[in-house]
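Residue numbers (our numbering), protein chains in the order written: chain A, 1364 to 1669; chain B, -4 to 261.
Have a look at the structure below, then the notes.
Okay, here's the thing in C-alpha cells:
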C-alpha cells in the first residue's frame, strides 16, 4: 500500500513529538523526586553505614534521587495559594473575553452592515496588528504605561509631581484585550458576512423593529461565531504568561508564569508538569463544552431562527 | 445619525489599535533617551539597531529556522496529508487526525513543556537543533490542515485514469495530484513560516543558552525596560509586515472594486 510509505514520517512525528511528550508530561506529573531508599546498617566494627537496595554500601547517606509515583504534585496544587492563582487566571481570561466580545460584536456588525464602505480596508487594519509580534504589541503598551512611560512623562511635564502606577491587573487585561481582539472579530465577521440582508429587510417589511430583527435574526445566526470567538480569546488568555510579566510588573502572576517558573528558577519539573496537566484539562474541557453548545456541531446544519 | 455613530465607533477602535503602534514608531526617531519627552529627530537608534550583534544574530536565526522549519514541515505534513487521504481505514485516519490536531488545541505552554521533557529524556542538548525540531513539530498540523481540503476537492478518478493510461504512480502523483494541491501546499508553507517567525512560547522552552530568536531577544530586552532601540526594531518589523500584507492583498482589492467579492483578506 502506497499510503504507508507516505505516512511514515508523519506517523513518526505523531509518536515522537506528540504521544511521547504527552506521556512524559503525565509521567512527570504523577511522580516526585525522592531520595533513593536505603537502610541504615551497623558494620562489624560498630560504625554506621548506609545500604542501598542493590546492595551497595556507603559511609554516607546516598544523595541520589529517583522518581517515584506520587500524587503529591496534585495535592500541592490544592493549596490555597495556587487555587487563588488559578482563580485569578480564569478571572482575567473571563474579563478579557467579555470585553473582547462587547467590543468585537459591534465591530463585526458595522463591518458587515449594508452599504458600509471601506469594509476590506478596515478589516485588514484590524487584522494587521495580529501579524506583528505579540511581544512588540505588548511592549507598545508597556512604553506608554510604565512609570517612566510616555503617559507619565506627559503628566509630569504638565506639572504632576509623582508618576501614576498603571501597571497591574488592569494593564494586564488591557494588554490581553489589545492582543486578542482580532481573534474575536474574525470569526464573528465570517459568520455575520453570510447573513442574508434580504432576511433583515423582510423582517422590517413585516413590521419587526431593528431591535427585534437583531434578537431574532442577527444574534441566532452569529452564535457559532460568538462561540468560536470566545474559544479563540479565552484559551490563549488563560495560559498567557508574558503579558502579565511585562504589564503586571510582577504583581499579577498567572498560571502560565508559575508553570514557566517551575522550569527555570524553581526547577521543579514534576510540579510544573502537574500544573500543565491541569491547564490542559481546563482548556480541553472548555473547548468540549463550547463545542457542545454550538448548534452546528450537533448536526443541525441550519440555525433555527424561530 | 446611525452612520455617524458607526464611524465614530470604528474611529475609536482604530485609535485604540494604532495609537500605541504609532507612538512607538514616532519615538523610535527620538534623539534623546527616554528622559524628557522629545529630544529632536534622529536616526540614532536605527544605527544602534544595525550595530547590535545580538539582534542581528537573532534575526538570522529566526529566518533560518523559519525557512527550514517551513520547508521540512511542508514535506512531512504534505506527504502525511496525502497518506491520510489515501488511507482506507476511516477509524485510523480519524484517530491520527485528532492526535495531530492536539498541539493546535492545546495551549502553547503545554506543548513547550512537553517538548522540553522529550529533549531531556533523549539527553539532547538544548540549542539550535532542538529549536528547529520544535518548530517543525508545531508547524506540521497546520500544513496538514491546509493541504487536506485541497485533496478532498480532487477527482479521485484522475490519478487512476493517469495510471490506466500508463503513468507510474509517482508520475501520476507529480503530473496529476501535485499541481492540483499546490495552492494548499503553498499556503501551508506560508502559514508554517509565519507561525515559526512569530513563535515565542515554545521557543522559550526549547532553546538553550546562547541561541535566541527575535521573539526571545525582544522579551529579554523588554523585561529590562523601555529602550528606544526596541522601538526602532518594532518600526522596522511593522513596516515590513505592512508592505508584505499590501502586496499579498493587492489583487484582492482590485477584484473587490470590480465585483464585490466576499473574501476575508489575510
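For every residue, glycine included, the Cβ atom is placed at its ideal position computed from N, Cα and C.
Note that the coordinates shown come from a computational prediction; the quantities given were computed from them, not determined experimentally.
| said: Short of 7 Å in beta carbon distance, which residues of its chain neighbour residue 179 (chain B), apart from the five on each side in sequence? Order them along the chain. | reply: 141, 142, 144 and 145
Mark residue 10 (chain B) as exposed unless 16 or more other C-beta atoms lie within 10 angstroms of its C-beta, in which case mark it buried. exposed
CA-CA distance, residue 1653 (chain A) and residue 1594 (chain A)? 7 Å
Per-residue burial, residue 204 (chain B) [other beta carbons within 10 Å of its own, 16 or more giving buried]: exposed
Contact between the region 181 to 191 of chain B and the region 148 to 165 of chain B (3+ Cβ pairs under 8 Å): no
List, in order along the chain, the chain A residues whose C-beta lies closer than 9 Å to that of residue 4 (chain B)? 1469, 1470 and 1473
Looking only at its own chain, which residues have a Cβ that is under 6 Å from the Cβ of residue 1514 (chain A), when we skip the five neighbours before and after it? 1507
- Task: Could you check the C-alpha separation between residue 208 (chain B) and residue 1380 (chain A) for me, to the nearest Å?
- Result: 21 Å
Starting from residue 22 (chain B), follow the beta strand (DSSP E) in both directions and report where the run begins and ends. No beta strand (DSSP E) contains residue 22 (chain B), which DSSP labels as neither H nor E.
* Relative to chain B, which residues along the region 1497 to 1512 of chain A have a C-beta separation below 8 Å, given in chain order? -> 1497, 1498, 1499, 1500, 1501, 1502, 1503, 1504, 1505, 1506, 1507, 1509, 1511 and 1512
Exercise. Return the residue from the list B:234, B:19, B:210 and B:230 that minimises the CA-CA distance to residue 264 (chain B).
Key: Nothing about residue 264 (chain B) can be reported from this structure: the residues present for chain B run from -4 to 261 only.
query: beta strand (DSSP E) containing residue 1431 (chain A): first to last residue?
result: 1428 to 1432
Between the CA atoms of residue 1417 (chain A) and residue 1330 (chain A) - distance to the nearest angstrom: There is no way to answer for residue 1330 (chain A), as the model of chain A reaches only from 1364 to 1669.
Using a C-beta to C-beta distance shorter than 8 Å, which residues of chain A count as neighbours of residue 218 (chain B)? 1608 and 1609
* So which residues on chain A does residue 224 (chain B) lean against when the C-beta distance must stay under 7 Å? -> In chain order: nothing, as chain A lies at least about 11 Å away.
Under 8 Å, with one C-beta from each stretch per pair, do the region 116 to 126 of chain B and the region 1399 to 1416 of chain A reach the 3-pair mark? no
**Q.** Best match in B:244, B:226 and B:3 for proximity to residue 1470 (chain A) [C-alpha to C-alpha]
**A.** B:3
Taking the alpha-carbon positions, what's the residue 172 (chain B) to residue 1375 (chain A) distance?
24 Å
Item to check | Cross-chain neighbours of residue 1376 (chain A) in chain B, by beta carbon under 7 Å | outcome: 71, 132 and 135
Quick one: which chain A residues come within Cβ less than 8 Å of residue 162 (chain B)?
-> Simply none; closest approach about 14 Å.
For this session: Less than 8 Å between the CB atoms is what I'm expecting for residue 1626 (chain A) and residue 200 (chain B), so what's the real figure, rounded?
Result: 7 Å
Strictly by DSSP, which residues pair up with residue 1405 (chain A)? A:1411
message = Taking a contact to mean a Cβ-Cβ separation below 8 Å, would you say residue 1395 (chain A) touches residue 1442 (chain A) in this structure?
response = no
If the cut is a Cβ gap below 7 Å, which residues of chain B does residue 1494 (chain A) touch? 236 and 240
In the DSSP assignment, what residue or residues form a beta bridge with residue 1420 (chain A)?
A:1414
Of the choices A:1571, A:1646 and A:1511, whose alpha-carbon is the least far from that of residue 1612 (chain A)?
A:1511
Below-8 Å beta-carbon distance, residue 86 (chain B) vs any chain A residue:
no
| query | Thinking just about the alpha-carbon of each residue, which of B:213, B:227 and B:219 is nearest to the one in residue 57 (chain B)? | reply | B:213
Query - At least three beta-carbon pairs within less than 8 Å, the region 1603 to 1610 of chain A to the region 71 to 78 of chain B - result: no
Residues of chain B with CB under 9 Å from residue 1636 (chain A), in chain order?
108, 109 and 112
Reduced DSSP secondary structure (H/G/I, E/B, other) of residue 1398 (chain A):
strand
Beta-carbon contacts of residue 1428 (chain A) that lie in its chain and below 8 Å, excluding the five residues immediately before and after | 1396, 1397, 1398 and 1399
Where residue 332 (chain B) and residue 131 (chain B) are concerned, what is the direct C-alpha to C-alpha distance, given to the nearest angstrom? Lying outside -4 to 261, the shown extent of chain B, residue 332 (chain B) is not represented and no answer is given.
Taking Cβ positions only, does residue 1391 (chain A) come closer than 8 Å to chain B?
yes
Checklist line | Close-in-space but distant-in-sequence residues of the same chain around residue 1546 (chain A) (CB under 6 Å, 5 per side omitted) | finding: 1595 and 1596
Review point. Near residue 1637 (chain A), what residues of its chain come up, given a Cβ to Cβ distance below 7 Å and the 5 sequence neighbours on each side ignored?
Key: 1392, 1436, 1437 and 1440
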